[in-house]
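S.K.: In numbering that gives the first Met the number 0, the protein residues as written are 0 to 360. Glycine residues also receive a C-beta, built at the ideal position from the N, C-alpha and C atoms. Note that the coordinates shown come from a computational prediction; the quantities given were computed from them, not determined experimentally.
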Amino acid sequence: MRLVIDRYLRPGHTLALSLSLALMLLPPTAEARNPKKPASPPTMLQNPEVVDFIQQMSTKYGFDQSTLSANFENQRPDNRIIRIMAPAPTQLTPNWVAYRDRFVNSRRINRGVQFWDAYSDTLERAAREYGVPQEIIVAIIGVETEYGRNMGSFNVLNALASIGFYGERRREFFQSELEQYLLLARDNNLDLLTTRGSFAGALGIPQFMPSSQRRWGVDFDGNNKVDLIHSPMDAIGSVANFLKSHGWQKDQVATIPVTPPQPLPTDFEKVDVKPGLSLAQYRDAGFVFASPLRESTPATLVSLSSPKAATQNWLGLNNYYVITRYNRSAAYAMSVIELGEAIRQARVASLAATASTTLQE
0 MRLVIDRYLR PGHTLALSLS LALMLLPPTA EARNPKKPAS PPTMLQNPEV
50 VDFIQQMSTK YGFDQSTLSA NFENQRPDNR IIRIMAPAPT QLTPNWVAYR
100 DRFVNSRRIN RGVQFWDAYS DTLERAAREY GVPQEIIVAI IGVETEYGRN
150 MGSFNVLNAL ASIGFYGERR REFFQSELEQ YLLLARDNNL DLLTTRGSFA
200 GALGIPQFMP SSQRRWGVDF DGNNKVDLIH SPMDAIGSVA NFLKSHGWQK
250 DQVATIPVTP PQPLPTDFEK VDVKPGLSLA QYRDAGFVFA SPLRESTPAT
300 LVSLSSPKAA TQNWLGLNNY YVITRYNRSA AYAMSVIELG EAIRQARVAS
350 LAATASTTLQ E
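1) Relative to the C-alpha of A239, which residue among P209, G130 and A345 is closest?
2) Helix, strand or coil for G141 per DSSP?
3) Pick out whichever of T299, I255 and A332 has its Cα sitting closest to the Cα of L242.
4) Determine which residues share a DSSP beta bridge with G339 and list them.
5) Of all the alpha helix (DSSP H) runs that stay within the bounds of the stretch 87 to 140, which reach a length of 4 or more residues?
6) Can you tell me where the alpha helix (DSSP H) with T323 in it begins and where it stops?
7) Relative to the C-alpha of T194, which candidate in T66, L159, E171 and S304 has its C-alpha closest?
8) Just the C-alpha distance for G275 and I136, rounded to the nearest angstrom, thanks.
9) If R383 and L338 are in contact, beta carbons under 8 Å, what's the gap, nearest whole angstrom?
10) Are Q206 and V225 close, meaning C-beta to C-beta below 8 Å?
11) Could you round the C-beta distance between P86 and E167 to whole angstroms and report it? I think they count as a contact, below 8 Å.
12) So which of S161, N222 and A289 has the shortest CA-CA distance to N73?
13) Going straight from the alpha carbon of L191 to that of T323, what length do you get?
14) With distances taken between CB atoms, is the gap from G203 to I228 smaller than 8 Å?
15) Can the beta-carbon of Q251 be found less than 8 Å from the beta-carbon of L300?
16) With a Cβ-Cβ cutoff of 8 Å, do S119 and F153 count as a contact?
17) Could you give the residue range of the alpha helix (DSSP H) that holds P205?
18) In whole angstroms, what is the alpha-carbon distance linking T58 and R110?
19) Under the rule that 16 or more other beta-carbon atoms within 10 Å means buried, what is E143, buried or exposed?
20) Which residues in the same chain have their Cβ closer than 7 Å to the Cβ of W215, if we skip the five residues on either side of it in sequence?
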């Protein structure tokens, strides 16, 4: 090893450097020759809250306490997940353009057309039974997992328990989801040690939380079980059922493009995600938009900004709000809407091209 010595050592540093060099020449100590490995973090079973939770699951639902204990004995809190779920130290700068480009791009559009073609009968049936447009169902699955390609790599049991018992926020919610997951796993014979999902414990092709799957999951392929991990048909039916159950209105648009007045009236600077003010109120305040809907229709202002682009604005209606029940982010909802429309247009063009080729033959 070649040592590089700073030529600009301040007075007093020379002695320290000499001692350091001398120590480097001494034979290694026993500790240096055999360094101790860092102690492993304690298993979850050593957490009294986890022990109490296991006892409750046994008392409330009849789970075998020793079997559950054995599963938690193998689990340690995942600090990656805890860090991801921790409150952000600073407010991030919104960037709608960058967010949109992650989801509304040629790859997801083309794969969305392929998914639609592969499950066209199922999507048509879901739209007929639940009143949800096929392109919205396809787009949600596309945004969530790219049509089942990226369903998550985190052990679901570990993820839910890490946040529920070691996280900085929403512990009660994630403990409840862990309870629902154990019930779901028992009902569907899921292997607790191998089942994977998102860092927040969402499962399968549509990334349902366990409670959502138990409540809104649908056996849409007719095999007498709800399988959102392996069955695209069940995923399609479940997404449609979720949206209808949250109030989707058939044949109604989700958003209306709008130009807000400048400056924006203070009453409209912060509006709730749920539509509240009427279209008439927006129009009277100077918002410019075209809509055949009744003036009494409730709406909410959706504004998405980017550092190097003009802010885009819409009036979000009931169906926009329903999409935010899947994910509360306005950027998420608008990505679903815009990806769905892009897929629909691409598929129309693809079908027209196929029909034209067939006629020429």
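M.R.: Per the coordinate set shown:
1) Here residue 239 is taken as the residue at index 240 of the sequence shown, counted from 1. Selected option, being the one with the closest Cα: G130.
2) Stepping through the sequence shown from its first residue, residue 141 is reached at position 142. Of the three classes helix, strand and coil, the one that applies to G141 here is helix, per DSSP.
3) Start at 1 with the first residue of the sequence shown, and residue 242 comes out as number 243. Among T299, I255 and A332, the Cα nearest to that of L242 belongs to A332.
4) As a working mapping, residue 339 is identified with position 340 in the sequence shown. DSSP lists no partner for G339.
5) 95 to 102, 105 to 117 and 119 to 129
6) As a position in the sequence shown, residue 323 is number 324, starting the count at 1. Its alpha helix (DSSP H) spans residues N317 to Y325.
7) Sequence index remark: in the sequence shown, residue 194 carries index 195 (1-based). Closest option to T194, Cα to Cα, is L159.
8) For the purposes of this step, residue 275 is taken as residue 276 along the sequence shown, with counting starting at 1. For the purposes of this step, residue 136 is taken as residue 137 along the sequence shown, with counting starting at 1. If you take the alpha carbons of G275 and I136, they lie about 26 Å apart.
9) Residue 383 falls outside the range modelled here, since the chain spans only 0 to 360, and no answer is possible.
10) Reading the sequence shown from its first residue, position 207 is the one you call residue 206. Reading the sequence shown from its first residue, position 226 is the one you call residue 225. No. Outside cutoff.
11) Within the sequence shown, numbered from 1, the residue matching residue 86 stands at position 87. Within the sequence shown, numbered from 1, the residue matching residue 167 stands at position 168. About 7 Å separates the two Cβ atoms, so the contact holds.
12) By one-based count along the sequence shown, residue 73 stands at place 74. For the residues S161, N222 and A289, the minimum Cα distance to N73 belongs to S161.
13) By 1-based counting over the sequence shown, the position of residue 191 is 192. By 1-based counting over the sequence shown, the position of residue 323 is 324. Between L191 and T323, the C-alpha separation is close to 30 Å.
14) Counted from its first residue, the sequence shown places residue 203 at position 204. Counted from its first residue, the sequence shown places residue 228 at position 229. In contact: G203 and I228 (Cβ atoms closer than 8 Å).
15) Here residue 251 is taken as the residue at index 252 of the sequence shown, counted from 1. Here residue 300 is taken as the residue at index 301 of the sequence shown, counted from 1. For Q251 and L300, no; Cβs fall outside 8 Å.
16) One-based indexing of the sequence shown puts residue 119 at position 120. One-based indexing of the sequence shown puts residue 153 at position 154. For S119 and F153, no; Cβs fall outside 8 Å.
17) The residue given as residue 205 occupies position 206 in the sequence shown. Here P205 belongs to no alpha helix (DSSP H), and DSSP marks it neither H nor E.
18) Along the sequence shown, read from residue 1 onward, the residue named residue 58 stands at position 59. Along the sequence shown, read from residue 1 onward, the residue named residue 110 stands at position 111. So the two alpha carbons sit approximately 47 Å from each other.
19) Sequence index remark: in the sequence shown, residue 143 carries index 144 (1-based). Under this definition E143 is a buried residue.
20) One-based indexing of the sequence shown puts residue 215 at position 216. Within the same chain, W215 has close Cβ partners S237, N240, F241 and S244.
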